[in-house]
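Just so we're aligned, residue 127 is where the sequence shown starts under my numbering, counting upward by one. Glycine included, C-beta positions come from ideal geometry on N, C-alpha and C. Fair warning: this is a prediction, and the values are worked out from it, not measured in the lab. Take a look at the structure set out below.
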Amino acid sequence: MIDHSRLSVLTLAVLVACGGASNRAVNKVNVTEAPSFTAERGSTAAAEERALPPYAPAPAWSDADSPIPISSVDAMSGSRTAKVTIVTFSDFECPYCGRFDRGTLKQVREVYGNDQVRLVFKHMPLTSIHTHAMPMAIVSRAVFERGGSDAFFDLLHAAFANPQIVLKSTNAFDVPLALGLTPIATPSDVDLARYKAEVESDDAVAKKLGITGTPASFINGIAISGAQPFDKVAAIIDREIDAVNLLTDVPADRIYVERSKANHSPPKTEDAEPEDNTKVWKVPLGTAPIRGNKTGALVTIVEFANFECAFSAKVRPTLEKIRTQYKDDVRIAFRHLPLAFHKRARPAATLALEALAQKGNAGFWAAHDLLFDRTTPFEKLDFGDLAKQLGINVPRFEKAIADERWDDFLEDELALASRFQTNSTPHFFINGRRLSGAHRFERFEQIIDEELARARALQAKGVPVNKLYEKLIAGGEEPAEEPLEKKSVGAIPKTAPSKGPAGARVTIQIFSDFQCPFCSRVEPTLAKIEKRYRNRIRFVWRDLPLPFHQNAKPAANAAREAQKQQGNKGFWAMHDLLFENQKSLSRADLTQYATTQKLDLTKFEAALDASTYDPLIQADMDAAEAGQITGTPSFLINGHYMSGAWPFSKFRRVIELALAGK
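Dropping the structure here:
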C-alpha cells in the first residue's frame with residue numbers, strides 16, 4: 127500500500143523480532159578464543175586453492191556523522207548515492223532476520239533497484255540465545271574482506287535460506303562450502319580477533335541506539351522493529367523518496383546523513399519481547415489436538431507452529447524433554463500457523479488435519495512427528511507417500527488438497543494468531559504467558575515452574591484439574607477485534623467495470639492503480655475470494671492512478687477502452703494482462719496487449735491519444751478523495767473500509783460480517 131497520510135512508526139510494532147535479552151555476553155563456544163576456530167583447520171585448509179580470490183575494494187567512504195553511522199567497512203548492496211538507505215542490525219541465527227531478508231528486503235531489491243535503495247548490514251549476534259550467531263558473523267567478516275559485499279550477501283542469503291546447515295555446523299568456516307559457495311580458508315588468529323572486534327563494534331552501536339532485538343532497521347534513520355512486511359517498509363521508502371526529490375542543495379552522497387539526522391528517533395524497545403514477560407493472554411484451546419492429559423493438566427502449553435519452519439522443528443527436542451520431565455503435569459496443544467512464505471506449510475497442515483479427521487488425536491500426532499522428524503528436505507517431501515505411511519485414505523487426502531477442504535479452518539487459525547500478535551513460528555503460550563521462538567529447555571523450565579506453583583495454589587483452593595487452564599487464563603488479555611471503519615464514496619457509477627451478480631449480497635469496490643506493486647500483489651487474494659464466495663460477491667473497479675505512477679492513467683484508459691469494445695469481460699481480460707505485465711506499461715506495450723486481446727486498434731489508439739476516459743477516471747479519483755481514500759489498493763466491502771494488500775483471512779472476516787448484514 128502507498129499511503130503517505132497513514133504513516134507512523136508506532137504502527138510497525140509487532141512481535142516479529144528475536145531478542146529482548148539484555149545480556150549479550152559472548153558465548154564461549156567457538157567464539158571467545160581464536161584457537162577454537164583453528165582447531166580444525168584441516169577441514170578448510172584443503173579448500174585454500176579454491177578459496178575466494180582477492181578483489182579490488184571500493185574507495186573508502188564514511189557516514190560517521192549520521193546518528194546511525196555506516197562506512198565502507200560495512201557490507202552494502204546498492205548505490206552509495208541511493209535516495210534511501212536501509213541499515214539493518216541482524217543475526218545469522220535469528221529466524222525473523224531470515225524472514226525479513228528472504229521476504230521484505232528481497233522485494234525491496236526487486237521493486238526499487240540499486241539506484242533508489244541501498245541496504246547496509248550491521249552485526250548484532252544475540253549470543254545469549256544463539257550459539258552459532260557469533261561464529262557465523264566472524265566468518266561473514268572474513269568473506270566480506272576477501273570477496274567484498276557481493277560475496278558477503280551471497281553467504282547471508284544462502285545461510286538464511288538454509289538455516290539447518292548453519293545450525294548443524296561444528297566449524298563455522300565449513301559453512302560456505304556446505305552452502306554451495308566458494309570456500310574460504312581459515313584466517314590467522316590475528317585476523318580472527320580483528321573480525322570479532324569488527325562484529326563487536328557493530329554490536330556496540332546497537333547498544334548505543336537502544337536496540338534489544340533483531341532484526342532492527344533504520345530507513346533513512348526511521349526506526350522499525352522486527353520482520354515487518356513489505357508494504358509497511360515500502361510506504362516509508364516511498365515517503366522518503368518524495369522527501370529526497372525535494373532536496374535541491376544536498377550532494378547525493380550526503381542524502382543519507384541529512385535524512386537520517388532529520389528522521390532519527392530511538393527504536394521502541396517494547397517492540398521486542400521482554401525476557402521477563404508475565405502478561406497472561408486468554409488464548410483458547412478450541413479444537414486443538416492435545417498431547418498429554420486432554421481433560422486437564424497443571425500447565426497447558428498452546429503452541430502455534432508450522433511444519434515447514436526449521437525453528438519449529440528445532441524446538442522439538444526441547445518439547446520432548448518437557449514431556450519427559452514433567453509428565454502429566456504438562457500438556458501441549460497444537461495450533462496451526464502456516465505462514466504465507468512457507469509454500470508447502472499448508473499442504474503439510476492439510477495432511478495433519480486429515481490424519482486427525484480420519485484417525486483422531488493419535489493420528490494427528492503421528493502425522494506431526496512424521497513431518498517434523500523427516501530426513502528428506504521439506505521441499506522434496508511426497509505428501510501422498512506420507513499419507514500412505516500414516517495409513518489414511520490417500521484419495522480423500524488428495525481431494526482435501528484439491529478442494530482446499532481445510533482452508534477455512536487454517537484461515538481461522540491465522541486470524542486467531544494475528545489477534546494475539548503471533549506472527550512467527552514457533553510461538554508458545556504457557557498458561558497464557560508468551561514465549562516466542564525456539565528457546566532452550568531452561569527458558570521453558572523457568573516459566574513452567576512458576577506456572578506449576580500458580581496452578582497448585584489454585585488446586586489448594588479446590589479448583590479441579592479440568593478447570594485449571596480456564597481459571598488460570600480467566601483474567602488474561604484477549605485482544606478485541608480490530609474495529610472496522612466505514613467510508614462512503616457515493617453511488618457506484620453505471621459505467622464502472624464489474625463482475626459478479628448485480629444483486630450480490632456483498633459488493634467490493636476496488637480502488638486500484640495498474641502500476642502499483644501492492645495492487646498486483648493482492649490480485650491472487652481477490653481471485654481466491656471470487657472462487658470461495660462465487661455468486662455472493664460482486665467486484666466493482668474504481669480507478670485511483672497515483673500521480674507518481676506515470677503509466678497508470680494510460681493503462682486505465684486502455685482497460686476502459688477494452689470495456690467499451692468488449693464489455694466487462696473485455697475490461698477484466700485487459701486488467702489481467704496489465705497486472706501480469708506490470709513492469710511493461712509503455713504505450714507500445716499497451717498496443718501489444720490490445721492486439722493480443724483482438725481489439726480494434728484504430729479505436730484503441732484514438733482513445734489513448736485523446737485520453738478519452740480521463741473524465742471517468744477523474745470521477746473515481748474525486749470519489750476517493752471525498753471518502754478520504756488516499757492509498758492503493760483500498761477496498762469498500764459493503765462500505766467497510768480496508769486499505770492494503772492484506773491476506774485472505776483479513777478479507778474473510780470483513781466479508782463474513784457483511785454477509786451477516788453487519
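Reduced DSSP category for serine 544 - H, G, I as helix; E, B as strand; rest coil: helix
3 or more residues per run - each beta strand (DSSP E) lying fully within the stretch 454-503: 456-462
How is arginine 206 classed by DSSP in three states: helix, strand or coil? coil
Could you give the C-beta distance for valine 406 and glutamate 603, rounded to a whole number, given that I count them as a contact under 8 angstroms? So it is a contact: roughly 7 angstroms between Cβ atoms.
May I ask you to list the residues that DSSP assigns as paired with methionine 768? Phe761
Throw me the rounded Cβ distance for the leucine 245 and threonine 214 pair, which I believe falls under 8 angstroms. 7 angstroms
In whole angstroms, what separates the C-alpha of asparagine 661 from that of alanine 688? 24 angstroms
Can you tell me the Cα-Cα spacing of valine 589 and valine 409, whole angstroms? 20 angstroms
Closer than 8 angstroms by C-beta to leucine 424: which residues in its own chain qualify, once you throw out the five before and the five after it? Chain order, please. Around leucine 424: Asp455, Val456, Glu577, Leu578, Ala581, Arg582, Gln585, Val591 and Leu594.
Taking contact to mean 3 or more Cβ pairs, one atom from each stretch, closer than 8 angstroms, check whether the stretch 743-759 and the stretch 632-639 are in contact. yes
Tell me whether the beta-carbon of leucine 463 lies closer than 7 angstroms to the beta-carbon of phenylalanine 430. yes
Check for me: the alpha helix (DSSP H) holding arginine 267 runs from which residue to which? Looking at the DSSP string, the run of the alpha helix (DSSP H) that includes arginine 267 is 259-287.
Would DSSP call tryptophan 407 helix, strand or coil? strand
Are the CB atoms of isoleucine 363 and valine 370 nearer to each other than 7 angstroms? no
With a Cβ-Cβ cutoff of 7 angstroms, do histidine 249 and valine 325 count as a contact? In contact: histidine 249 and valine 325 (Cβ atoms closer than 7 angstroms).
Between the Cα of glycine 563 and those of Asn557, Thr551 and Glu571, spot the shortest distance and give me the residue it belongs to. Thr551
For the stretch 313-322 and the stretch 192-200, state whether three or more C-beta atom pairs, one from each stretch, are separated by less than 8 angstroms. Result no; under three Cβ-Cβ pairs closer than 8 angstroms.
Sequence-distant residues of the same chain with beta carbon closer than 7 angstroms to alanine 263, five excluded per side: Phe218, His249, Pro251 and Val325
Return the chain-ordered list of same chain residues with a C-beta closer than 8 angstroms to the C-beta of proline 623, the five sequence neighbours on each side being excluded. Val666, Trp667, Ala685, Arg686, Gln689, Asn694, Phe697, Trp698 and His701
Taking all protein chains shown into account, decide if asparagine 240 is buried (16 or more other Cβ within 10 angstroms of its Cβ) or exposed. exposed
Check the DSSP bridge columns for threonine 211 and list the partner residues they point to. Arg244
Collapsed DSSP secondary structure at glutamine 635 in the structure displayed: strand
Inspect the CB distances between the stretch 648-656 and the stretch 610-624 and report whether three or more fall short of 8 angstroms. no
Using a threshold of 6 angstroms, is the CB atom of aspartate 280 nearer than that to any non-hydrogen atom of the ligand MN? No copy of the ligand MN occurs in the structure displayed, which carries no ligand at all.
Between serine 386 and proline 193, how many whole angstroms is the CB-CB distance? I'm expecting something under 8 angstroms. 6 angstroms
Spatially closest choice to phenylalanine 356 from Trp772, Arg267 and Ala378, by CA coordinates: Trp772
Distance check for threonine 207 and proline 671, CA to CA, integer angstroms please. Our two residues, proline 671 and threonine 207, have alpha carbons roughly 29 angstroms apart in a direct line.
Give me the Cβ distance between valine 210 and isoleucine 367, rounded to the nearest whole Å; I'm assuming they're in contact under 8 angstroms. 6 angstroms
From which residue to which residue does the alpha helix (DSSP H) around phenylalanine 665 run? It is not in any alpha helix (DSSP H) - phenylalanine 665 instead sits in the beta strand (DSSP E) that spans 663-669.
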